[in-house]
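Counting in the working numbering, the sequence shown runs from 3 upward without gaps. The C-beta atom is built at its ideal place from N, Cα and C for all residues, glycine as well. Note sheet for the following structure.
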Amino acid sequence: MLRFFLSIILIQLLCSYSLWSWAQYPVSNQYWAGVELEKAITKNLGIGLKSQLRLQDGAWKSNLFDISATYKLPSEWKIGGGYRFTIKEQFNKHRIYAEVGYKQKMKSAGLALAFRGRLQHDKEDKEQTNTYFRPKFVLSQHKKKAKFSPFVSFELFYALVMADQQFDAFRIGTGLNWDIDKRFSAKLAYTLQREINVAAPEISHIFATGLSIDIDKWIKQQRKKKKGKK
């Protein structure tokens, strides 16, 4: 199974650079680094706080701060929503979003297929607004007690502006999730983003790292340490 994912990753990287990197279109290289805190409110309800730094071609691009809530439904479904504030050099951006997700585990194959549908509305300080529907699919390795889980993903951006209702960008990516321990998990990913249905599409190679911290498990671990010292 690991060879299967490594083959897909290699094919994605080769296709990304051979088909698009040398095209006569604007190309940028970006690096995203983020930290996310997760906290359970009830058995099914959880909240998350996320901060992320984004660089483009070696220079600062933006900082974003995101707060979200997720509610688990029966049969692997979940719903959620949130608010994101993004700081940029020339203007700031506000985003509200709602989403629904579903995950199908294929135990016999050792895989899991996840779907997320997000509806988002962005408003910039310069009064420009955008509304998108973003369907995303993620295929990942699913094994109990596995420390590492490779994945591949595909996402579309559908503009819902009345004068321009069409798909205008896509993302295809691959990466690795690492469960460091019960408190911390890390993510390493590469994503190719490309505009479509435009004369000169912008292309971005996005390299990302992320760290997630489970607050409940971290607090539980700290309490155990204090008891051990007594």
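Considering only their Cβ atoms, is the gap separating L66 from R86 smaller than 8 Å?
Counting from 1 along the sequence shown, the entry for residue 86 is found at position 84. Counting from 1 along the sequence shown, the entry for residue 66 is found at position 64. Cβ distance < 8 Å, so R86 and L66 count as in contact.
According to the neighbour-count rule (16 or more other Cβ atoms, all chains shown, within 10 Å of its Cβ), is L194 buried or exposed?
Start at 1 with the first residue of the sequence shown, and residue 194 comes out as number 192. L194 comes out buried.
Taking I205 and Y27 to be in contact with their CB atoms under 8 Å, please state how far apart those CB atoms are, rounded to whole angstroms.
For the purposes of this step, residue 205 is taken as the residue at position 203 of the sequence shown. For the purposes of this step, residue 27 is taken as the residue at position 25 of the sequence shown. Right, the Cβ-Cβ distance comes to about 6 Å (below 8 Å), so this counts as a contact.
Grab me the residues of K184's own chain with a C-beta within less than 8 Å of its C-beta, minus the 5 sequence neighbours each way, in chain order.
Here residue 184 is taken as the residue at index 182 of the sequence shown, counted from 1. Within the same chain, K184 has close Cβ partners D216, K219 and Q223.
Could you tell me the distance, in whole angstroms, from the CA atom of S64 to the CA atom of E91?
For this step, residue 64 is matched to residue 62 along the sequence shown. For this step, residue 91 is matched to residue 89 along the sequence shown. S64 and E91: Cα-Cα distance of roughly 7 Å.
For a test of the three-state rule: what should DSSP assign to I217, helix, strand or coil?
Residue numbering aside, residue 217 sits at position 215 when the sequence shown is read from its first letter. It is helical.
What three-state label does DSSP hand K105 in the structure shown?
The count along the sequence shown starts at 1 and reaches residue 105 at position 103. K105: strand per DSSP, three-state reduction.
The beta strand (DSSP E) with E40 in it runs from where to where?
As a working mapping, residue 40 is identified with position 38 in the sequence shown. Unbroken beta strand (DSSP E) run through E40: V29 to A42.
Per DSSP, what kind of secondary structure is Q167 in: helix, strand or coil?
Position 165 of the sequence shown holds residue 167. Three-state result, Q167: coil.
Between the Cα of N179 and those of A100, I43, K74 and Y192, spot the shortest distance and give me the residue it belongs to.
Position 177 of the sequence shown, counted from the first residue, corresponds to residue 179. When each option's Cα is compared against that of N179, the closest is Y192.
Below 8 Å between beta carbons: does that hold for S214 and E40?
To locate residue 214, count along the sequence shown from 1; it is residue 212. To locate residue 40, count along the sequence shown from 1; it is residue 38. A contact, by the Cβ cut-off of 8 Å.
Tell me which residues share the same chain as P203 and place their Cβ nearer than 7 Å to its Cβ, disregarding the 5 neighbours each side in the sequence.
If you number the sequence shown from 1, residue 203 lands on position 201. If we look at P203 and ignore the five residues flanking it on each side, its Cβ neighbours are Y27, R196 and E197.
When you compare only the Cα positions, how much space is there between K105 and K149?
By one-based count along the sequence shown, residue 105 stands at place 103. By one-based count along the sequence shown, residue 149 stands at place 147. In a straight line, the C-alpha of K105 is about 20 Å away from that of K149.
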